[in-house]
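Peer 1: The structure's right below; bear with me while I get my questions together.
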Amino acid sequence: MSLIKKAILYFAILLLYNCSSKKNVLEKVLATDNEKIKEVIKNSKQYELQIIYTQIVRDKGKITFKDYTYNLDASNYYYPASTIKFPIAILALEKLNTIENTSVNSIYTIEGSSEKLKFADEITKVFAVSDNVASSNLFEFTGFDYINQKMKEKGLEPFRISHRLSGSEPSNPLVKSVTLYKDNGSIEVFPSKLNEKSATLELNNLIKGTGFIKGDQLVNEPFDFSKKNYYPLETLHNTLKRIVFPEAFNESERFKITDKEREFILFSMQNLPRNAGYNPKEYYDSYCKFFMFGDTKNQIPDNIKIYNKIGQAYGTMTETAYIIDTENKVEFMLSATILVNKDGIFNDGVYEYNSVSLPFFAALGRELYAKSKM
1 MSLIKKAILY FAILLLYNCS SKKNVLEKVL ATDNEKIKEV IKNSKQYELQ IIYTQIVRDK
61 GKITFKDYTY NLDASNYYYP ASTIKFPIAI LALEKLNTIE NTSVNSIYTI EGSSEKLKFA
121 DEITKVFAVS DNVASSNLFE FTGFDYINQK MKEKGLEPFR ISHRLSGSEP SNPLVKSVTL
181 YKDNGSIEVF PSKLNEKSAT LELNNLIKGT GFIKGDQLVN EPFDFSKKNY YPLETLHNTL
241 KRIVFPEAFN ESERFKITDK EREFILFSMQ NLPRNAGYNP KEYYDSYCKF FMFGDTKNQI
301 PDNIKIYNKI GQAYGTMTET AYIIDTENKV EFMLSATILV NKDGIFNDGV YEYNSVSLPF
361 FAALGRELYA KSKM
């Protein structure tokens with residue numbers, strides 16, 4: 001064999017080796033020997049696992065994204081739980097921003113209650129401890145139709161909100177009237193409004209399990225999620241991208257909020273319960289921060305900021321997060337969802353959050369963080 005042919009063969013082998021050895025970061029992490037990750041990956045279909053990992057590429061002031069996914073499929077339904085509060089909070093401010101003489105500190109009341117609510121306080125509760133009532137209070141200001149339409153306008157689809165997360169009639173399409181006390185002392189009343197009734201979803205995995213608890217009784221039938229909220233992982237992840245890096249999107253795709261309002265949302269997302277006035281013994285740092293720290297109640301180091309929203313209900317745990325380490329110059333985005341319901345019964349409060357979901361989310365976050373530092 002000639003020297004030239006040998007050289008060509010050598011470089012071909014070298015190129016082939018480099019290509020095969022260059023698994024993307026997410027693939028490497030999911031192939032790790034970490035038992036908490038291995039166990040879930042081995043049974044990923046059972047756990048209905050979906051993941052998105054994003055590297056942020058900065059080039060001369062321009063932001064682009066490099067996405068890596070695992071089992072991502074918007075047609076495979078999972079229950080979004082409290083992640084639905086993410087757009088509720090942002091769009092409450094977007095609507096407020098269209099009304100003169102208002103701010104995040106504006107006060108309002110909801111029909112049937114004399115309690116004076118402040119937008120800033122309700123948003124703080126939504127992110128710090130994922131408060132259901134606070135979310136419903138913000139929802140009454142916006143309503144189903146407004147949220148669904150605005151998400152569609154921004155290209156944040158598929159998506160639909162069909163019910164609140166608290167109250168005796170969560171799916172009632174009638175949104176209550178709201179009285180808004182403007183910052184200049186004037187008052188504006190927004191009348192109650194009948195919103196469109198949500199259609200039945202047509203997706204995979206809408207019928208889950210073997211039974212569910214209704215009242216005090218076990219119903220021996222699969223649980224039907226076809227009337228529930230729908231917020232697939234890619235739509236959730238893209239919501240995060242738009243609020244963290246609006247400049248990476250066209251004007252029509254951005255949330256119509258001021259820089260100050262956006263800064264407030266971001267501050268609320270990373271704020272820890274102890275800094276928001278909650279008892280740290282009950283509401284520890286990782287109470288709503290599952291990636292990296294979900295398996296510990298220790299304080300999160302000051303140099304690590306996690307801008308996120310979590311959801312946890314019906315055995316499904318979901319989180320979307322922008323994670324940044326200011327000391328080590330690490331930043332990435334991560335979204336994941338997992339279902340743990342070994343007994344197949346929904347609404348019984350028996351789920352493997354502590355033994356499977358939290359250890360997996362924590363390990364996944366730590367492994368990706370470690371790889372991002374390299």
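If you read the sequence shown in the UniProt record's numbering, its first letter stands for residue 1, the second for the next number, and so on. Idealized CB from N, CA, C, for every residue including glycine.
1) Count the other C-beta atoms from every protein chain shown that fall within 10 angstroms of the C-beta of S21, then say buried if there are 16 or more, exposed otherwise.
2) Could you tell me the boundaries of the beta strand (DSSP E) in which L201 lies?
3) If distances are taken between C-alpha atoms only, which option among S372, I324 and L117 comes closest to D302?
4) If you follow the beta strand (DSSP E) that L218 is part of, which residue opens it and which one closes it?
5) Where does the unbroken beta strand (DSSP E) through L364 begin, and where does it stop?
6) Quick one, are the C-beta atoms of S335 and I52 less than 7 Å apart?
7) What whole-angstrom Cβ distance do K208 and F293 have, given they're in contact under 8 Å?
8) Return the first residue and the last residue of the beta strand (DSSP E) that K66 is part of.
9) Label residue 414 either buried or exposed according to how many other C-beta atoms from any shown protein chain fall within 10 Å of its C-beta, with 16 as the threshold for buried.
10) If you count every other CB in all the chains shown that lies within 10 Å of the CB of S372, and 16 or more means buried, which is it?
11) Only counting the same chain, and skipping five residues up and downstream in sequence, which positions put a Cβ closer than 7 Å to that of T296?
12) In whole angstroms, what is the alpha-carbon distance linking N148 and Q55?
13) DSSP three-state call for L26: helix, strand or coil?
14) In this structure, how does DSSP classify D33 when only helix, strand and coil are distinguished?
15) Helix, strand or coil for S21? Go by DSSP, reduced to three states.
16) Considering N308, what are the terminal residues of the beta strand (DSSP E) in which it resides?
17) In angstroms, rounded to a whole number, what distance separates the CA positions of I41 and P87?
18) Exposed or buried, which one is Q50 when buried takes at least 16 other CB atoms within 10 Å?
19) Rounded to the nearest angstrom, what separates A363 and G112 at their Cα positions?
20) Below 8 Å on the Cβ atoms is my contact criterion, and I expect P173 with K197 to pass it. Report the Cβ-Cβ distance as a whole number of Å.
21) Sorted by chain position, which residues of the same chain lie with C-beta nearer than 6 Å to E331's C-beta, five sequence neighbours on each side aside?
22) Flag this pair as touching only if the segment 100-120 and the segment 174-181 have three or more C-beta atom pairs under 8 Å; answer yes or no.
23) Report all residues from its chain with a CB closer than 6 Å to the CB of V25; omit the five preceding and five following residues, and keep chain order.
24) Note down the Cα distance separating D59 from Y68, rounded to an integer number of angstroms.
25) Count the other CB atoms within 10 Å of the CB of L93; is the residue buried (16 or more) or exposed (fewer)?
26) Under a three-way DSSP split, which group does T258 fall into?
27) Spatial neighbours of E122 within its chain, please: CB distance less than 6 Å, with the 5 preceding and 5 following residues excluded, ordered by chain position.
28) Which residue comes first and which comes last in the beta strand (DSSP E) that contains M292?
29) What do you reckon, are the CB atoms on A74 and E234 nearer than 7 Å?
30) Skipping 5 residues on each side, what residues in its chain have a beta carbon closer than 7 Å to that of E261?
31) Would you check if the distance between the CB atom of N229 and the CB atom of N76 is smaller than 7 Å?
32) Tell me whether D121 sits in a helix, a strand or coil according to DSSP, three-state version.
33) Looking at the structure shown, is E253 part of a helix, part of a strand, or coil, going by DSSP?
34) State buried or exposed for M151, treating a residue as buried only when at least 16 other CB atoms are found within 10 Å of its CB.
35) Which first and last residues belong to the alpha helix (DSSP H) in which V244 is found?
36) For the beta strand (DSSP E) that A321 lies in, which residues bound it at each end?
Peer 2: Well, looking at it:
1) Note on S21: pLDDT 43, under 50, position unreliable in the model; the coordinate value appears next. It is exposed - the Cβ of S21 has fewer than 16 other Cβ atoms within 10 Å.
2) Looking at the DSSP string, L201 is not in any beta strand (DSSP E), and its letter there is neither H nor E.
3) I324
4) Q217 to V219
5) Run containing L364: none in the beta strand (DSSP E); it sits in the alpha helix (DSSP H), L358 to K373.
6) yes
7) Not quite, the Cβ-Cβ distance comes to about 29 Å (not below 8 Å), so this is no contact.
8) K62 to Y70
9) Outside the displayed range of the chain (1 to 374) lies residue 414, so it cannot be described from this structure.
10) buried
11) S286
12) 29 Å
13) helix
14) coil
15) Interpretation of S21 is limited by its pLDDT of 43, a score under 50 that renders its predicted location unreliable; the figure taken from the coordinates is listed afterwards. Reduced to three states, the DSSP call for S21 is helix.
16) I304 to A313
17) 30 Å
18) buried
19) 45 Å
20) 5 Å
21) I56 and I324
22) yes
23) K371
24) 20 Å
25) buried
26) coil
27) A134, N137 and L138
28) Here M292 belongs to no beta strand (DSSP E), and DSSP marks it neither H nor E.
29) yes
30) L93, N97 and V104
31) no
32) helix
33) helix
34) buried
35) L233 to V244
36) T316 to D325
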